Amino acid sequence: MALRLGDEAPNFTAETTEGTINFHEWLGGGWAILFSHPKDFTPVCTTELGYMARIVPEFKKRGVKVLAISVDPLDSHKGWIKDINETQQCTVAYPLIADPERKVATLYDMIHPNALDNMTVRSVFVIGPDKKIKLMLTYPASCGRNFDELLRTIDSLQLTAKHKVATPVNWKHGEDCIITPAVPDDEAKKLFPGYRTVKPYLRYTTQPK
Ligand code: BEZ
Numbered sequence: 025m026a027l028r029l030g031d032e033a034p035n036f037t038a039e040t041t042e043g044t045i046n047f048h049e050w051l052g053g054g055w056a057i058l059f060s061h062p063k064d065f066t067p068v069c070t071t072e073l074g075y076m077a078r079i080v081p082e083f084k085k086r087g088v089k090v091l092a093i094s095v096d097p098l099d100s101h102k103g104w105i106k107d108i109n110e111t112q113q114c115t116v117a118y119p120l121i122a123d124p125e126r127k128v129a130t131l132y133d134m135i136h137p138n139a140l141d142n143m144t145v146r147s148v149f150v151i152g153p154d155k156k157i158k159l160m161l162t163y164p165a166s167c168g169r170n171f172d173e174l175l176r177t178i179d180s181l182q183l184t185a186k187h188k189v190a191t192p193v194n195w196k197h198g199e200d201c202i203i204t205p206a207v208p209d210d211e212a213k214k215l216f217p218g219y220r221t222v223k224p225y226l227r228y229t230t231q232p233k
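Numbering (this note's numbering), first residue to last: 25 to 233.
Quick look at the structure:
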């Protein structure tokens, strides 16, 4: 059955460019991002993995571990990383899963045969400290993802995990948030003093600390 938000991220053991990983042990009760790319030595993937390598510190700052996957074997990954480092001015220092038997790709439903029959599409899973899936994205091979958007979604996920707020359209860290409808006004007054009501269902507050 396809994975859904709130499901436990399935466990697996896999070979990666940084050694063997048992996924649940590797998660270790923290946040993580798992993202697939269709194929090694392809142009869009090269730019994506290079950009990710350059912004890994931003994920680290947020306590999020980074893990990539494709169905190519380990030797191929190792050769390709040299090209990525050379062409994208970076050092790829996060693990890439080698999944030639498509075990992880199948577990995470990353192969969409009507789009691409022998490679993964561009899937993203953000996993929370409870090992549950907090966010999923699926892009076709032709469309490189916006990795800054992934950081933005993580900021939202981490904020809303702690506070009774949601984040409005195009929200960025530091901007006003929305008080969730489940919070009655008397509680909102205590939790978010000075909050602003536009409609009874649309209430804004400054971003909780
Ligand atoms: C790419 O990364 O450029 C790519 C990969 C698979 C199919 C099409 C494009």
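No residue lacks a Cβ here, since even glycine has one placed at the ideal position from N, Cα and C. In this text the structure is predicted, and so the values were computed from the model without any measurement.
Cβ shell of residue 83 (< 6 angstroms), same chain only, five flanking positions each side left out: Counting only residues of its own chain and dropping the five nearest sequence neighbours on each side, residue 83 has a CB closer than 6 angstroms to the CB of 90.
Through-space distance from residue 103 to residue 96, alpha-carbon basis: Near 11 angstroms, if we compare the C-alpha coordinates of residue 103 and residue 96.
Where residue 220 falls, given that 16 or more other Cβ within 10 Å makes a residue buried: It counts as exposed.
Cβ pair residue 150, residue 159 closer than 7 angstroms: For residue 150 and residue 159, yes; Cβs fall inside 7 angstroms.
Delimiting residues of the beta strand (DSSP E) encompassing residue 39: Here the beta strand (DSSP E) through residue 39 covers 37-40.
Contacts around residue 64, its chain only, beta-carbon distance under 7 angstroms, and the 5 residues preceding and following it disregarded: Closer than 7 angstroms at the Cβ level, and outside the excluded window around residue 64, lie 94, 96, 100, 101, 104.
Spatial neighbours of residue 192 in its chain, beta-carbon cut-off 6 angstroms, leaving aside the 5 residues before and after: These residues qualify, in order along the chain: 202.
Residue 68 and residue 118 closer than 7 angstroms at C-beta: Result no, Cβ atoms of residue 68 and residue 118 do not sit closer than 7 angstroms.
Neighbourhood of residue 148 by C-beta, 6 angstroms cutoff - its chain only, sequence neighbours within 5 removed: Sequence-distant partners of residue 148 (beyond 5 residues in either direction) whose C-beta falls short of 6 angstroms from its own C-beta, in its chain, are 59, 161.
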